[in-house]
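Counting in this note's numbering, the sequence shown runs from 4 upward without gaps.
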Amino acid sequence: MPNDRITQHHLRPDTTHATRWSLLFVIAFGLLLGFAFQGTRGLWSPDEGRYTVAALQMLDTGNYLAPAYSPDEVNFSKPPTTYWVIAASMKVFGRNTWAVRIPYALAFLLTLLVLHAMGRRLMPEKPWLPSVVYGCAAAPFLAGNIVSTDAFLTLCEALAMLGFLCAAFDENERGRKRYVMLMWLGWGLAFLTKGPPGLMPLLAVIPFIVRRDGWRGLGRFFPLGGIVLFLLVGLSWYLVVVLRYAGLLDYFLHQEVYNRVFTAAHKRNAGWFGWIKIYLPVLAIGLLPWWPAMGRVIRRWASAERWSAKGSPNVELFLALWFLVPFVVFCLVQSRLPLYMLPLFVPLALLLALELRDRFDLRQRKQQLLLAAWVVVLLAAKGIAAYDWHSVNDNRQAAAELRAATPVERYQAIVFVENTAVGYTIEEATPWGLRLYLGKVIYGIPWLAPHGGEALCHALHNEGRALVVIDPDLGPKAIEPALAQCPGKVTELGTWRKDVLKLVEL
């Protein structure tokens with residue numbers, strides 16, 4: 004059946020073809036790709052260390068409301084879901100890299116299962132195909148090993164869009180209401196994971212429904228119960244912290260919304276052409292090995308006839324909007340990072356699966372061998388990154404160097420003093436992941452800030468015995484006046500990666 008004739012009738016689930024083996028295959032496939040070498044690679048700065056140290060701070064203090072890097076530095080740049088999940092995993096599996104990364108393998112597996120559920124709606128004869136396309140694509144596979152918010156966001160958005168897909172093409176009124184509630188639960192979880200970007204696919208849902216059912220049709224997808232569920236799940240934490248922490252609402256609106264959308268304040272590839280440098284390579288390399296199929300999809304959808312065709316909007320239009328509308332918004336927004344594209348690989352996987360369903364058949368030995376060979380390539384890349392790629396940003400390697408260079412039993416914390424007045428630089432430059440490997444509280448001090456000296460003394464008084472790591476551009480003499488204000492025993496320990504080391508015992 005040609006792809007352009009997929010309509011509501013063909014989206015009904017067909018349990019005759021959704022065989023049990025396909026679900027078991029997807030589970031085994033996800034377990035293999037998700038868990039192989041998963042915790043072998045150390046944490047890399049800056050992001051992986053930041054998320055991990057915030058989870059550790061929650062475990063050590065019992066404060067699960069306010070994410071923080073250290074006792075002196077809260078961090079509300081992201082909602083708490085990612086920190087909660089990592090903290091829960093470390094609570095169960097111990098404080099190690101495997102425990103940090105296990106939730107990402109589970110998120111990868113669960114996303115494959117959501118895609119399998121979508122596959123039962125779109126192509127009941129091959130419900131496993133969207134999961135295989137997504138799991139084998141380079142970007143989702145590699146992102147499943149990176150500590151960030153994006154893997155969880157992708158899962159939450161996929162869950163919401165599964166609810167929408169089922170509700171939009173279900174003729175049963177009771178079933179549709181249930182799926183709409185699932186959709187709003189997914190939006191609530193997405194908002195609690197990353198804030199407003201979690202609602203990006205809604206920008207595709209609204210025009211699709213309006214074109215198909217008119218403006219009145221939106222009412223079925225915005226029921227009071229769904230909105231209340233979204234508010235309870237997605238906004239409760241925001242309400243509590245805004246009431247508890249003065250000035251936080253202004254921070255959310257100005258720093259996390261306005262600056263990210265309209266300014267280059269976050270120094271994340273802003274400008275008119277920043278999206279070309281960041282997003283196009285991610286899409287190009289991340290879609291390996293599906294380039295030929297993607298080329299056919301692009302050629303078909305680039306035709307004027309496709310867009311001018313009359314009739315009821317079908318699922319391919321919905322999938323195209325799901326990708327294109329958020330992609331355009333991401334290109335316009337001035338804060339851009341590669342992993343922002345990860346959620347868009349879900350609609351791409353579904354579009355590619357529709358294109359491949361008459362071409363890809365796992366009963367053929369040749370295609371079995373090609374799939375197995377590509378899985379070996381993916382796992383080899385993950386293994387090489389774990390064992391042979393010695394990045395200077397590897398916090399585990401940095402911890403081993405510090406352990407060899409300093410008497411770690413003599414200090415309780417590590418204080419990094421940086422030659423900057425900007426808090427964002429501290430977030431990026433400090434190897435927060437050292438806390439996982441050394442068991443020491445980590446502080447980052449922007450020395451050129453108005454209260455840099457006071458912040459240093461406060462950290463030293465908090466801990467009593469600390470290793471002070473001084474930016475070489477700053478020089479050790481710069482902090483001597485501050486140390487004189489909080490007198491104690493100071494021992495010179497040489498240098499580490501050109502940074503000057505001082506052991507301070509109050």
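Beta carbons are placed, not taken as given, at the ideal position from N, Cα and C, and that holds for glycine.
Using the three-state DSSP reduction, which class does W240 fall into: helix, strand or coil?
As a first step, residue 240 is located in the sequence shown; it is residue number 237 there, counting from the start. Looking at W240 - three-state DSSP - the assignment turns out to be helix.
Residue interval of the beta strand (DSSP E) (run including R468):
The residue you call residue 468 lines up with position 465 of the sequence shown. Residues 468 to 473.
Can A352 and A120 be called in contact, C-beta distance under 8 Å?
For the purposes of this step, residue 352 is taken as the residue at position 349 of the sequence shown. For the purposes of this step, residue 120 is taken as the residue at position 117 of the sequence shown. Not closer than 8 Å, so no.
Please classify F38: does DSSP put it in a helix, a strand, or coil?
Reading the sequence shown from its first residue, position 35 is the one you call residue 38. Residue state, collapsed to three classes: helix.
Could you tell me the boundaries of the alpha helix (DSSP H) in which P133 lies?
For this step, residue 133 is matched to residue 130 along the sequence shown. 132 to 139 is the extent of the alpha helix (DSSP H) around P133.
Short of 8 Å in beta carbon distance, which residues of its chain neighbour I473, apart from the five on each side in sequence? Order them along the chain.
What you label residue 473 is simply residue 470 of the sequence shown in a count that begins at 1. Taken in chain order, the residues that qualify are V420, P479, A481, I482, D502, V503, L504, K505.
Provide the residue span of the beta strand (DSSP E) that contains P295, from first to last.
Position 292 of the sequence shown, counted from the first residue, corresponds to residue 295. Looking at the DSSP string, P295 is not in any beta strand (DSSP E); the run it does join, the alpha helix (DSSP H), is 294 to 304.
Same chain only: Cβ atoms within 6 Å of Q41, ignoring 5 sequence neighbours per side
To locate residue 41, count along the sequence shown from 1; it is residue 38. Counting only Cβ-Cβ distances below 6 Å, and skipping sequence neighbours, we find R104, A108.
Jot down the residue ranges of each uninterrupted beta strand (DSSP E) in the region 353 to 391, minimum 3 residues, whole runs only, in chain order.
none
Alpha helix (DSSP H) segment containing K280, residue limits:
As a working mapping, residue 280 is identified with position 277 in the sequence shown. Segment 277 to 289, the alpha helix (DSSP H) holding K280.
Quick check on DSSP: helix, strand or coil for Y254?
Sequence index remark: in the sequence shown, residue 254 carries index 251 (1-based). Three-state DSSP puts Y254 in a helix.
Beta carbon of L340 nearer than 8 Å to that of F326:
Taking the sequence shown and counting its residues from 1, the one referred to as residue 340 is at position 337. Taking the sequence shown and counting its residues from 1, the one referred to as residue 326 is at position 323. A distance of 8 Å or more separates the beta carbons of L340 and F326.
Residues that P449 bridges to, as DSSP identifies them
Sequence index remark: in the sequence shown, residue 449 carries index 446 (1-based). The bridge partners DSSP lists for P449 are E421.
Does the beta carbon of T114 fall short of 7 Å from some heavy atom of the ligand ZN?
In terms of ligand content, the structure shown is empty, and the ligand ZN therefore cannot be addressed.
Enclosing alpha helix (DSSP H) for L165 [first to last residue]:
As a working note, residue 165 is residue 162 in the sequence shown. L165 -> alpha helix (DSSP H) spans 153 to 171.
Need the endpoints of the beta strand (DSSP E) that L506 sits in, please.
Position 503 of the sequence shown, counted from the first residue, corresponds to residue 506. Unbroken beta strand (DSSP E) run through L506: 502 to 508.
Out of P130, V245, C159, point me to the one whose CA is closest to T196's CA.
Numbered from 1 along the sequence shown, position 193 holds the residue referred to as residue 196. T196 has its Cα closest to that of C159, out of P130, V245, C159.
Let's test the definition: count the other Cβ atoms within 10 Å of the Cβ of A154 and tell me whether it reaches 16, buried, or not, exposed.
On the sequence shown, position 151 is the one that residue 154 refers to. Answer is buried; the Cβ neighbour count reaches 16.
Return the chain-ordered list of same chain residues with a C-beta closer than 7 Å to the C-beta of Q371, the five sequence neighbours on each side being excluded.
Translated into the one-based positions of the sequence shown, residue 371 becomes position 368. If we look at Q371 and ignore the five residues flanking it on each side, its Cβ neighbours are L365.
List the whole-angstrom C-beta distance separating Y67 from M61, where the pair is believed to meet the contact cut-off of C-beta under 8 Å.
As a working mapping, residue 67 is identified with position 64 in the sequence shown. As a working mapping, residue 61 is identified with position 58 in the sequence shown. Right, the Cβ-Cβ distance comes to about 5 Å (below 8 Å), so this counts as a contact.
Does the region 93 to 102 come close enough to the region 330 to 344 to have 3 or more Cβ pairs within less than 8 Å?
no
Can you tell me which of C169, T152, L322 puts its alpha carbon nearest to the alpha carbon of V514?
Absent from the structure is residue 514, since the part of the chain shown begins at 4 and ends at 509.
Less than 8 Å separating the beta-carbons of P74 and N465?
Here residue 74 is taken as the residue at index 71 of the sequence shown, counted from 1. Here residue 465 is taken as the residue at index 462 of the sequence shown, counted from 1. Yes; because the gap between Cβ atoms is below 8 Å, this pair is in contact.
Own chain residues within Cβ distance below 8 Å of V95, not counting five before or after:
Here residue 95 refers to the residue found at position 92 of the sequence shown. Here the set comprises A102.
Note the first and the last residue of the continuous beta strand (DSSP E) segment covering K492.
By 1-based counting over the sequence shown, the position of residue 492 is 489. Segment 492 to 499, the beta strand (DSSP E) holding K492.
Do you know offhand how far N262's Cα is from A452's?
Locating residue 262 in the sequence shown gives position 259, where the first residue counts as 1. Locating residue 452 in the sequence shown gives position 449, where the first residue counts as 1. Answer to the nearest angstrom: the Cα atoms are 21 Å apart.
For V444 and K492, I'd like the C-alpha separation in whole angstroms.
Within the sequence shown, numbered from 1, the residue matching residue 444 stands at position 441. Within the sequence shown, numbered from 1, the residue matching residue 492 stands at position 489. Computed Cα separation, rounded: 20 Å.
Per DSSP, the bridge partner or partners of K397:
Counting from 1 along the sequence shown, the entry for residue 397 is found at position 394. This sequence places Asp at residue 397; Lys is not what is there. The partner list for D397 (beta bridge, DSSP) reads W47.
CA-CA distance, A59 and A90?
On the sequence shown, position 56 is the one that residue 59 refers to. On the sequence shown, position 87 is the one that residue 90 refers to. It is Leu, not Ala, that sits at residue 59 in the sequence shown. Rounded to the nearest angstrom, the two C-alpha atoms are 6 Å apart.
Unbroken alpha helix (DSSP H) run spanning Y440, endpoints
Taking the sequence shown and counting its residues from 1, one reaches residue 440 at position 437. Y440 -> alpha helix (DSSP H) spans 437 to 441.
From G166 to R181, what distance separates their C-alpha atoms?
Within the sequence shown, the letter at position 163 stands for residue 166. Within the sequence shown, the letter at position 178 stands for residue 181. The straight-line gap from Cα to Cα measures roughly 8 Å.
Rounded to whole angstroms, how far is the Cβ of P236 from the Cβ of L192, which I believe are closer than 8 Å?
Within the sequence shown, the letter at position 233 stands for residue 236. Within the sequence shown, the letter at position 189 stands for residue 192. Pro is not the amino acid found at residue 236; the sequence shown has Val there. Right, their Cβ atoms sit about 6 Å apart.
In angstroms with no decimal places, state the Cα-to-Cα distance between R15 and L242.
Here residue 15 is taken as the residue at index 12 of the sequence shown, counted from 1. Here residue 242 is taken as the residue at index 239 of the sequence shown, counted from 1. Residue placement at R15 is flagged as unreliable, the pLDDT there being 49, under the threshold of 50; a coordinate-derived value is accordingly withheld.
Determine, using beta carbons only, whether L188 and L232 come nearer to each other than 8 Å.
On the sequence shown, residue 188 is found 185 positions in, with the first residue counted as 1. On the sequence shown, residue 232 is found 229 positions in, with the first residue counted as 1. In contact: L188 and L232 (Cβ atoms closer than 8 Å).
Among the candidates V136, N398, G442, V245, whose CA atom is the shortest distance from the CA of P537?
With the chain running from 4 to 509 in the structure shown, residue 537 is simply not present.
Going by DSSP in three states, S92 sits in which element: helix, strand or coil?
The residue you call residue 92 lines up with position 89 of the sequence shown. Correct three-state label for S92: helix.
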